[in-house]
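Trainee: Handing you this structure, nothing more for now.
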Amino acid sequence: MSKTLTKPLLKMSVTSLPFFYLLLVLVINAAAATLLRPGFYSETCPEAEFIVRDVIKKAMNREARNAASVMRLQFHDCFVNGCDASVLLDDTPNMLGEKLGLSNINSLRSFEVLDEAKEALEGVCPGVVSCADIVIMAARDAVVLTGGPSWEVKLGRLDSLTASQEDSDNIMPSPRANASYLIDLFDRFNLSVKDLVALSGSHSIGKGRCFSVMFRLYNQSGTGRPDPAIQPKFREKLDKLCPLGGDENVTVDLDATPETFDNQYFQDLTNGRGFLNSDETLFTYPKTREYVKLFGANQNEFFKAFVEGMIKMGDLQSGRPGEIRRNCRFVNRRPVDILLED
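Spelled out as structure tokens, the structure:
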């Protein structure tokens with residue numbers, strides 16, 4: 001059964017919606033929260049998963065980094081009020097969305113890839129496949145297409161009617177976060193220490209910005225010792241790529257095989273070659289170290305735990321009202337809204 005977050009429902013006024021309509025919306029969404037299952041679109045849009053994978057494959061052919069960027073969207077979507085594609089919404093005059101949140105601005109990318117997937121699906125099955133489900137399918141496909149494990153994704157989510165930059169800022173961790181903080185954060189979503197370490201293995205692919213590592217390399221005056229957990233030769237490499245006063249938007253590989261989903265990430269952590277503090281601290285912290293060692297020594301164990309974690313994360317839902325957006329960047333204009341405007 002899907003995990004429903006204990007978050008307040010979206011604020012809606014019974015004066016702006018007929019009460020029976022409001023009640024119907026709440027009933028439909030409460031029921032939808034328990035209906036996630038593999039093959040959800042087998043009758044209404046049987047080609048849905050093939051269409052999404054084809055789009056992801058083409059996007060990776062254009063730029064390999066798109067795989068990691070697309071996969072990250074599941075994390076940044078699901079942790080903020082459940083997996084509802086709120087992270088894909090653009091700002092409006094009345095709403096600050098999540099794209100400019102502290103952990104997202106100048107970091108999250110490849111939104112256009114999700115747009116392409118949605119457009120392709122709308123051409124075949126208009127108004128059927130939610131953007132929230134596209135995020136889940138795309139994340140799985142990004143893993144598979146870079147050599148990682150495959151799994152059946154549970155589908156049937158609705159898209160949120162709103163987004164919250166404030167909620168994103170309050171929930172999403174900084175690259176400076178340590179293992180203790182991350183354990184507490186994951187526990188809020190009933191995700192275990194093992195889930196935390198396995199899901200951190202998403203950094204097996206992709207790149208990070210120099211901005212995220214500068215505090216590990218230098219203090220404000222450029223003197224003082226760097227983070228002692230950094231291997232000296234790796235520190236020399238980072239010094240060249242991310243010099244003090246240099247361009248902090250330069251990107252650095254998150255592990256030694258950034259285009260292949262494997263367990264190299266964990267091997268790098270054991271050798272002091274973790275790029276982010278939130279990565280390397282998984283090895284230096286006792287409660288997480290044993291899982292880093294396990295996954296570094298046994299790729300099958302990592303793959304198994306990663307799949308379990310992704311499925312559990314995909315089950316997170318808020319229970320709030322939703323819809324099937326026709327454009328992932330904007331909510332639909334419902335008939336009742338048009339009537340109220342008139």
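Quick note on UniProt numbering: the sequence shown kicks off at 1 and runs consecutively. Here a beta-carbon is modelled for each residue, glycine too, at the ideal position from N, C-alpha and C.
Of all the options Thr-162, Asp-91, Ala-229, Asp-227, which has the alpha carbon lying nearest to the alpha carbon of Pro-321?
Mentor: Minimum Cα distance to Pro-321 is reached at Thr-162.
Trainee: Can you determine whether any heavy atom of the ligand SAH sits closer than 8 Å to the C-beta of Met-310, and answer yes or no?
Mentor: Looking for the ligand SAH in the displayed structure turns up nothing, as the structure carries no ligands at all.
Trainee: Would you decide whether Arg-333 is buried or exposed? Buried here means 16 or more other CB atoms lie within 10 Å of its CB.
Mentor: Exposed, by the Cβ-count rule.
Trainee: For Thr-260 and Ile-205, which I take to be in contact (beta-carbon distance under 8 Å), what is that distance rounded to the nearest angstrom?
Mentor: Contact holds; Cβ gap of about 7 Å.
Trainee: Distance, Cα to Cα, Met-214 vs Pro-175?
Mentor: Answer to the nearest angstrom: the Cα atoms are 11 Å apart.
Trainee: With DSSP collapsed to three states, give me the class of Ser-160.
Mentor: Strand.
Trainee: Grab me the residues of Pro-18's own chain with a C-beta within less than 6 Å of its C-beta, minus the 5 sequence neighbours each way, in chain order.
Mentor: In this prediction, Pro-18 has a pLDDT of 40, which is less than 50 and means its spatial position is unreliable; what the coordinates show is noted afterwards. Nothing meets the Cβ criterion.
Trainee: Buried or exposed, going by whether 16 or more other CB atoms sit within 10 Å of the CB of Leu-102?
Mentor: Leu-102 is exposed by the Cβ-count criterion.
Trainee: Helix, strand or coil, according to DSSP, for Thr-44 in the structure here?
Mentor: The answer is coil: DSSP assigns Thr-44 none of H, G, I, E or B.
Trainee: Excluding the five sequence neighbours on either side, which residues of its own chain have a C-beta within less than 6 Å of the C-beta of Asp-54, listed in chain order?
Mentor: So the list is empty, once near-sequence residues are dropped.
Trainee: Taking contact to mean 3 or more Cβ pairs, one atom from each stretch, closer than 8 Å, check whether the segment 60 to 69 and the segment 107 to 119 are in contact.
Mentor: Because the criterion of three Cβ pairs below 8 Å is met, the segment 60 to 69 and the segment 107 to 119 touch.
Trainee: Under 8 Å: do the segment 131 to 139 and the segment 147 to 162 share three or more Cβ pairs, one atom per stretch?
Mentor: With the cut-off at 8 Å, the segment 131 to 139 and the segment 147 to 162 touch.
Trainee: Going by the beta-carbon positions, is the gap between Asp-184 and Ala-305 smaller than 9 Å?
Mentor: Against a cut-off of 9 Å, the Cβ pair of Ala-305 and Asp-184 comes out as no contact.
Trainee: Find out if the Cβ-Cβ distance for the pair Arg-326, Glu-122 is shorter than 9 Å.
Mentor: Yes, they are a contact pair.
Trainee: With Val-252 as the anchor, note down where its alpha helix (DSSP H) starts and where it stops.
Mentor: Looking at the DSSP string, Val-252 is not in any alpha helix (DSSP H); the run it does join, the beta strand (DSSP E), is 251 to 253.
Trainee: Around the C-beta of Ser-212, are 16 or more other C-beta atoms found within 10 angstroms, so that it is buried, or is it exposed?
Mentor: When all chains shown are included, Ser-212 counts as buried.
Trainee: First and last residue of the alpha helix (DSSP H) that includes Lys-240?
Mentor: Note, Lys-240: alpha helix (DSSP H), 232 to 241.
Trainee: Quick check: the segment 299 to 319 against the segment 236 to 256, are at least 3 beta-carbon pairs closer than 8 Å?
Mentor: The segment 236 to 256, when compared against the segment 299 to 319, does not touch it at the 8 Å Cβ threshold.
Trainee: Taking the straight line between their C-alpha atoms, what separation do you get for Ala-120 and Ile-324?
Mentor: Their backbone Cα atoms lie some 15 Å apart in a straight line.
Trainee: Determine the DSSP secondary structure at Lys-207, reduced to helix, strand or coil.
Mentor: The answer is strand: DSSP assigns Lys-207 an E or B state.
Trainee: Just how far apart, CA to CA, sit Val-87 and Asn-81?
Mentor: Going by the C-alpha atoms only, they are around 10 Å apart.
Trainee: In the segment 89 to 154, which residue ranges form an unbroken alpha helix (DSSP H) of at least 4 residues, counting only runs that do not cross its ends?
Mentor: As far as the segment 89 to 154 is concerned, its whole alpha helix (DSSP H) runs of at least 4 residues are 111 to 124, 131 to 145.
Trainee: Suppose you measure from the CA of Gly-245 to the CA of Glu-236; what does that come to, to the nearest Å?
Mentor: Distance between the alpha carbons of Gly-245 and Glu-236: 16 Å.
Trainee: I believe Cys-125 touches Thr-44 by the beta-carbon criterion, under 8 Å. Please report the beta-carbon distance rounded to the nearest angstrom.
Mentor: 7 Å between Cβ atoms; contact.
Trainee: Only counting the same chain, and skipping five residues up and downstream in sequence, which positions put a Cβ closer than 6 Å to that of Cys-78?
Mentor: So the qualifying residues of the chain are Met-313, Leu-316.
Trainee: Which of helix, strand or coil does DSSP assign to Asn-327?
Mentor: Asn-327 falls in the strand class under three-state DSSP.
Trainee: Who are the Cβ neighbours of Phe-40 in its own chain at under 8 Å, not counting the five residues just before and after it?
Mentor: Hits under 8 Å: Asp-133, Lys-154, Leu-155, Gly-156.
Trainee: What did DSSP end up calling Arg-188 once you bin it into helix, strand or coil?
Mentor: Arg-188 falls in the coil class under three-state DSSP.
Trainee: Taking the beta carbon of Gly-147 as the centre, do at least 16 other beta carbons fall within 10 Å, making it buried, or is it exposed?
Mentor: It counts as exposed.
Trainee: Tell me whether Leu-37 sits in a helix, a strand or coil according to DSSP, three-state version.
Mentor: Here residue 37 turns out to be Arg, not Leu, going by the sequence shown. Arg-37 falls in the strand class under three-state DSSP.
Trainee: Compare the beta carbon distance of Leu-269 and Val-292 with 9 Å and say whether it is the shorter of the two.
Mentor: Yes, the pair counts as a contact, with Cβ atoms nearer than the cut-off.
Trainee: Helix or strand or just coil, what does DSSP make of Gly-272?
Mentor: In the structure shown, Gly-272 sits in coil (DSSP, three-state: anything other than H, G, I, E or B).
Trainee: For Leu-73, report the span of its alpha helix (DSSP H) as first-last.
Mentor: Looking at the DSSP string, the run of the alpha helix (DSSP H) that includes Leu-73 is 66 to 78.
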